[in-house]
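Here is the structure we will look at, set down as structure tokens.
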């Protein structure tokens with residue numbers, strides 16, 4: 001059988017020797033499992049090997065926060081030995097590697113999968129009210145990799161102490177957890193009364209770090225996914 005597909009890097013015939021996640025291509029992540037990994041529920045599109053998929057219980061604290069705020073994400077644990085491919089709605093995928101001193105705040109809707117060596121919690125976005133998708137977002141810390149998804153190719157913007165960065169609360173994917181967050185109104189009351197510009201509130205980030213945004217605004221709750 002002949003096809004250009006078989007000559008592409010997406011065609012995998014050999015089982016990798018090292019466990020962990022790799023970017024299969026721009027819309028899928030492959031995870032070689034030798035033990036376990038964690039992913040959003042329903043993100044598996046294919047697998048091979050001896051793997052089991054189970055609901056990951058996240059502790060009473062996180063369960064309470066999710067019940068009150070609607071934030072966070074439903075996770076599953078993938079256990080065994082084999083390979084699994086993760087994707088979500090053909091969104092763009094990318095991988096971030098965290099060092100022991102790092103912490104990353106991420107909107108739950110953008111999390112695809114992550115290493116079990118990372119610590120996960122639902123944290124309040126200080127000073128941000130309902131920004132970034134809600135009062136609470138997901139925070140990851142420790143050493144390991146996290147696979148994220150977003151609409152289109154993400155934009156990474158450095159944040160320095162000399163000048164804050166303002167991001168649309170519906171477009172933000174994540175940011176360095178050490179950054180200071182607050183809400184900023186860029187539209188005057190007069191402009192709002194006369195029709196508005198559509199850009200009322202932004203998330204203001206200050207300090208030293210970076211912010212990730214997607215080149216689109218997320219659909220409203222209950223809207224088309």
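Residue numbers (UniProt numbering): 1 to 225. Even for Gly, the Cβ is constructed at its ideal location relative to N, Cα and C.
For residue 100, there is no enclosing beta strand (DSSP E), as DSSP marks it with neither H nor E.
For residue 185, the uninterrupted beta strand (DSSP E) run begins and ends at 180 to 185, by DSSP. Taking 7 Å as the cut-off, the Cβ atoms of residue 150 and residue 214 count as close. Between the alpha carbons of residue 168 and residue 109 lies a gap of roughly 15 Å.
Using a C-beta cut-off of 8 Å, the segment 26 to 37 makes contact with the segment 82 to 99, since at least three inter-stretch Cβ pairs fall below that distance. Under DSSP, the beta-bridge partners assigned to residue 118 are 142.
Linking residue 123 to residue 34 through their CA atoms gives a straight-line distance of about 30 Å. Residue range 172 to 176 is occupied by the beta strand (DSSP E) that includes residue 176. Pairwise C-beta distances place the segment 76 to 90 in contact with the segment 30 to 49, as three or more of them are shorter than 8 Å. Nearest C-alpha to residue 179 among 89, 170, 125 and 217: 125.
Between residue 120 and residue 84 a beta carbon distance of about 19 Å is seen, past the 8 Å cut, so the two are scored as non-contacting. The C-beta of residue 165 has 16 or more other C-beta atoms within 10 Å across all chains shown, which makes the residue buried. Straight across, the Cα-Cα distance linking residue 32 with residue 19 is about 5 Å. Between the C-alpha atoms of residue 56 and residue 105 there is a straight-line separation of about 20 Å.
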